[in-house]
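Just below is one structure, and these are the notes that go with it.
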Amino acid sequence: MYLPEWVQKFKEPRTEIKKVGGHFYKYRVEYRYNKEKKRTDKITVGLLGKITESDGFVPSDKQLLREKAGRSFKKTK
């Protein structure tokens with residue numbers, strides 16, 4: 014997928030940027046090995062925030078609450 018240059022600078026490892034309804038959103042992703050398919054599956058864990066050209070990265074309200082509480086997404090096997 015094509016991402017504008019101003020959006021690409023917010024891409025980090027284990028994250029994915031999606032364009033939904035004309036807006037860009039940043040999600041945390043995990044990769045898990047699938048024995049049946051014999052390859053890894055990408056699993057979207059949760060929304061981190063919105064990316065705008067004027068404001069840059071804007072964390073989601075839930076992400077701000079997680080950071081305030083000192084929590085992150087649950088680590089799974």
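Residue numbers (my numbering): 14 to 90.
Where is the CB? At the ideal position from N, CA and C, for every residue including glycine.
Note that the structure is predicted; figures quoted are calculated from it, not measured.
Taking Cβ positions, are residue i and residue j nearer each other than 8 Å?
i	j	result
LEU16	ARG41	no
LYS39	THR53	no
GLU43	VAL20	no
Compute the Euclidean distance between the alpha carbons of residue i and residue j, then round it to the nearest angstrom.
i	j	result
ILE64	LYS55	21 Å
ARG79	SER73	10 Å
GLU18	LEU77	26 Å
Within its chain, find whatever has a CB closer than 8 Å to the CB of residue i; leave out the 5 residues flanking it on each side and keep chain order.
i	result
GLY69	PHE23
VAL71	GLY62, LYS63, ILE64 and THR65
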